[in-house]
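Protein sequence lines correspond, in order, to chains A and B. Its first residue numbered 61, the first sequence is counted upward by one per residue in this note's numbering. Its first residue numbered 8, the second sequence is counted upward by one per residue in this note's numbering. For each residue, glycine too, the CB sits at the ideal point set by N, CA and C. Predicted model only: the values in this text are computed from it and were never measured. The block underneath contains the structure these notes are about, expressed in structure tokens.
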Amino acid sequence: MKSELNEQALLKGLAENDSKAIETIYKENFNTIQSFILNNNGTYDDARDIFQEAIITLYEKAISSSFVLTSKINTYVYSICRRLWLKRLHQMGRYTGKIENIEDTIAVEEDLDFHEKRNAEFAIMDRALNSLGEPCKSLLEGYYIKKMDMQELSKAFGYTNADNAKNQKYKCLMRLKKLFFTQYNIGE
Amino acid sequence: MEDIVLIQAVERYLDGTMQPAEKAYFEELRKNTPEIDQMVVEHNMFLHQIDSYANTLNLKHSLNEIHTKLLSFGEINEGGEVSTKGKVVRMWNKYRKVTAIAACVGGAIALMISGLFAYLSPVNNNQIQQLKRDVEFVKRKQQDQGSKLNEVVSKIPKDAIVTGGGSGFLIDGKGYIITNAHVLEGSAYVNVINANGNEFKASIAYKDLRKDLAILKIEDADFKTIKTLPYSIKKSGADLGEEIFTLGYPRNDLTFNQGFLSTQTGFNGDSSSYQLQISANPGNSGGPVFNSKGEIIGILSTREKQAEGVAFAIKSKSIYKLVEQLKDTDRDTLFQHIKLPTASLVKGMNRKDQIKKMSDYIFLVQAFNKK
């Protein structure tokens, strides 16, 4: 029961991007996944990629309102990594036929479908933001990602006052929105 | 410019900073103008997208930072041998003194407490009973078996003094059998017989009375290496209430019994074993405990004397621990080749077929000494 509470706390921490919690999850799971990937035709970089993607999937699950984790974190992470890695091997045409199962697995297909959708949206936003040009890109990053307030931003970018910066930010936002939705609606 | 004013209004509306009067006006506007309504929905979704983009990006950033940090602390390892040894060594160097002091103090206290306990507590030996066979019984049985298997002359020498016996099972097709150490107590020689009556000579490769585990190695020209074992040995734990069954040799013939896992800990809260609700008899010691998928979850070893049908099994995890430990400590020996079966081939089968597949790999262990 205690460990269950502990796992709940870790997931809550993950949802809030609390680095202590993320570090604990990382420490407790990474080595297993790394040896799994290495033992199945992968490299250290593959292990890092796959593991981090699994943690992002877990995060997406943790923040969703209908969140229920029906298994232990390590089982979940292992199951995700296993699916992801099988898929990647398959894409690379390196599918070896048999993958050794070192732990129990659970069904994660639904979560992975959701994750793929989120991944695609992430990529579209990333592309849109990167094709904006400066200073729009940095201005929006400052406001939406680094969560700076308008006062700080106008100082950092040299606007005469916060209102001007705000106006500029809205103009940039409109452009980003247009770029985003053109690609989003194409269904890229 | 007008667009921007509108967007600003939408944003204020969405983040709830709009004044009540303006809000009412805006809601009215929204209701009557589908374009504005659409704009609110769209903008809301877009803000949501930026937000989750930002969160994911920040998470990726944290993950990379943590990765680098853990790498530099040696908690994780890229390149070189993948193991946690580096960490252990570092920890050891760091805490050597503290550990030494703690060990001394701890040792002294442990001695004191155990002394006190030994002095005060009644001997509890008679609360649990090891399920090793009676010598007499084995002897008698041995004769029976001799008469049953005409073509096979018993490989136990004529001048042997039988000391005990129990059950055991293959953990590696190359001839490694695991059993309880107490089955072998006081003996230097072992023979094993499977359900078909095939008898093989074996040697004691490892014995630890404290863990109550022993590994035997079949050393007999008649034994042929088995490529894949039909059952697996479970690395993770079993669940409370899980249905379990055992195969063993309380008699001369392979005997089936079933029950369920009743407690996650063994006698007196011993966390390395399970408590089972099953009837076990002398001779069952060292036999496998299976779950319904044909995965071995434990090794049957003792039973409680005062209660009917209460038995204890050492958790299968200990087999992994033992093998790993042996690989680590004896780098050159035969233990390096042991590979435990991790996939059960009898998962979906019914009980009868499972037993048929597995019975050849579960052995009657006979321990004896020469005169």
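Bridge-paired residues (DSSP) for residue i
i	result
Ala318(B)	Leu283(B), Arg310(B)
Pro295(B)	Ile306(B)
Ser210(B)	Lys224(B)
Ser239(B)	Glu302(B)
Tyr204(A)	Note: Tyr204(A) sits in no beta bridge, so no partner.
Tyr196(B)	Phe375(B)
Tyr183(B)	Asp179(B), Lys224(B)
Val169(B)	Phe375(B)
Asp229(B)	None, per the DSSP bridge assignment.
Ser267(B)	For the sequence presented, residue 267(B) should be read as Phe rather than Ser. Paired residue(s): Glu250(B), Gln284(B).
Thr262(B)	Gly255(B)
Ser174(B)	Leu371(B)
Gln137(B)	Thr309(B)
Asp215(B)	Leu220(B)
Closer than 7 Å at the beta carbon, the chain B residues around residue i
i	result
Phe90(A)	Ile83
Arg108(A)	His74
Lys215(A)	The premise fails here: Lys215(A) is roughly 21 Å from chain B at the closest Cβ pair, so nothing lies under 7 Å.
Tyr204(A)	Ile57, Ala61
Whole-Å CB distance - residue i paired with residue j, under 8 Å assumed
i	j	result
Ser292(B)	Leu138(B)	4 Å
Ala350(B)	Ser194(B)	The pair is not a contact, with the Cβ atoms about 34 Å apart (cut-off 8 Å).
Leu261(B)	Gly180(B)	At roughly 19 Å, the Cβ-Cβ gap does not stay under 8 Å, so Leu261(B) and Gly180(B) are not in contact.
Ile140(A)	Val168(A)	5 Å
Ile225(B)	Val199(B)	7 Å
Phe182(A)	Thr63(B)	6 Å
Leu254(B)	Gly294(B)	6 Å
Asp219(B)	Ser308(B)	6 Å
Ile184(A)	Gln228(A)	Actually they are not in contact, since the Cβ atoms of Ile184(A) and Gln228(A) sit about 23 Å apart, beyond 8 Å.
Lys162(B)	Lys231(B)	Not confirmed; about 16 Å, so no contact.
Tyr230(A)	Ile73(B)	Not really, about 36 Å apart at Cβ, beyond 8 Å.
Residue environment, residue i, which counts as buried when at least 16 other CB atoms sit within 10 Å
i	result
Asn91(A)	buried
Val128(A)	exposed
Asp105(A)	exposed
Ser154(B)	With a pLDDT of only 40 at Ser154(B), under the threshold of 50, the placement of this residue in the model should not be trusted, and no figure is reported.
Lys148(B)	Confidence at Lys148(B) is low in this model, with a pLDDT of 49, below 50, so the placement of that residue should be treated as unreliable; the coordinate-derived value is given next. Answer is buried; the Cβ neighbour count reaches 16.
Leu216(B)	exposed
Pro27(B)	exposed
Leu118(B)	exposed
Val112(B)	exposed
Lys207(A)	exposed
Val105(B)	exposed
Asp10(B)	exposed
Leu123(B)	exposed
Ile396(B)	This structure does not reach residue 396(B), given that chain B is present from 8 up to 378, and the question cannot be answered.
Met365(B)	buried
Lys92(B)	Confidence at Lys92(B) is low in this model, with a pLDDT of 48, below 50, so its placement is unreliable and the value that follows should be read with caution. That one is exposed.
Gly171(B)	buried
Selection from the options that minimises the alpha carbon distance to residue i
i	options	result
Ile115(A)	Asn190(A), Ile93(A), Leu146(A)	Ile93(A)
Pro414(B)	Gln26(B), Thr186(B), Thr63(B), Leu371(B)	This structure gives no information on residue 414(B), because the portion of chain B shown stretches from 8 to 378.
Gln343(B)	Ser351(B), Lys334(B), Ala221(B)	Lys334(B)
Asn176(B)	Ser299(B), Asn187(B), Asp166(B), Asn84(B)	One point to set straight first is that residue 176(B) is Phe, not Asn, in the sequence displayed. Considering only alpha carbons, the answer is Asn187(B).
Glu192(B)	Lys208(B), Ile178(B), Gly173(B), Phe207(B)	Gly173(B)
Ser323(B)	Leu352(B), Asn288(B), Val317(B), Thr272(B)	Thr272(B)
Ile345(B)	Gly204(B), Ile184(B), Ala228(B), Asn357(B)	Ile184(B)
Asn51(B)	Gln243(A), Thr242(A), Lys87(A), Lys237(A)	Lys237(A)
Lys67(B)	Ile166(A), Asn227(A), Leu189(A), Ser79(A)	Ser79(A)
Lys234(B)	Pro348(B), Pro289(B), Lys162(B)	Pro348(B)
Gln361(B)	Thr170(B), Asn84(B), Ile108(B), Ser299(B)	Ser299(B)
Tyr238(B)	Leu123(B), Arg37(B), Ile304(B)	Ile304(B)
Gln134(B)	Ile73(B), Lys76(B), Glu311(B)	Glu311(B)
Ile166(A)	Asn100(A), Thr130(A), Glu76(A)	Thr130(A)
Phe174(A)	Gly102(A), Leu98(A), Tyr119(A), Phe217(A)	Tyr119(A)
Tyr281(B)	Ala318(B), Ala314(B), Asn264(B), Gly81(B)	Ala318(B)
Thr84(A)	Gln68(A), Ala225(A), Leu98(A), Met152(A)	Gln68(A)
Pro195(A)	Phe96(A), Phe111(A), Ala216(A)	Ala216(A)
Phe297(B)	His55(B), Asp337(B), Tyr196(B), Phe252(B)	Phe252(B)
Ile205(A)	Asp186(A), Thr117(A), Arg235(A)	Asp186(A)
Met210(A)	Glu201(A), Asp223(A), Ser198(A)	Asp223(A)
Listed by chain order, chain A residues near residue i by CB distance under 7 Å
i	result
Ile178(B)	Within chain A, no residue comes near Ile178(B); the closest Cβ sits about 17 Å away, beyond 7 Å.
Asp10(B)	Met234
Ile233(B)	Neighbours of Ile233(B) on chain A: none; closest Cβ ~19 Å, over 7 Å.
Lys63(B)	The sequence shown places Thr at residue 63(B), not Lys. The answer, in chain order, is Ile116, Phe182.
Tyr60(B)	Phe182, Met185
Phe53(B)	Lys237, Phe240
Leu66(B)	Asn77, Ile116, Tyr119
Closer than 8 Å at the beta carbon, the chain A residues around residue i
i	result
Ser210(B)	Result: empty, since nearest Cβ-Cβ is about 30 Å, beyond 8 Å.
Ile14(B)	Tyr230, Leu233, Met234
Ser69(B)	Asn77, Ser79, Ile82
Amino acids of chain B, ordered along the chain, whose beta-carbon sits closer than 8 Å to that of residue i
i	result
Ile1(A)	No statement about residue 1(A) is possible, as the shown extent of chain A runs from 61 to 248 and does not include it.
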